[in-house]
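Numbering (my numbering), first residue to last: 856 to 951.
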C-alpha cells in the first residue's frame, strides 16, 4: 500500500475521496484477509487429521513470504526502505 501511495503521490493528510479511501483500505487489508482465509482452510484440515501441524506451518510461512514478495518486500532492508519512503512522502505533502 505504501508503494501505491508514494507512486501515485496521494496525500495522506486531510480528507480523501470515498473511492480512494475504499481502494486504500482494500490494499491494506486484502493480504491479511487472504492469509486468514488460507489459514482457516488449512487449520480445518489439521483438525481432521489430513495434514500435520508441521505441514500447516510450512505452508503458512511459505505463503506469507510469497505475499510479502508480491507486495515488494523481500528483505528486512526493503521493509525499512518502505518505511523511509513513507516518511519522505509525508514530509513532501506537509510542505505543500
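Backbone N, C-alpha and C define an ideal beta-carbon position, used for all residues, glycine too. Keep in mind it's a predicted model, so treat the numbers as computed, not measured.
Contact check, residue i vs residue j under 8 Å by CB: the rounded distance?
{"i": "residue 931", "j": "residue 911", "result": "Not quite, the Cβ-Cβ distance comes to about 25 Å (not below 8 Å), so this is no contact."}
{"i": "residue 878", "j": "residue 922", "result": "Not a contact, Cβ separation roughly 19 Å."}
{"i": "residue 918", "j": "residue 908", "result": "With a Cβ gap of about 16 Å, residue 918 and residue 908 do not count as contacting."}
Residue ranges of each beta strand (DSSP E) within the stretch 871–939, 3 or longer = none
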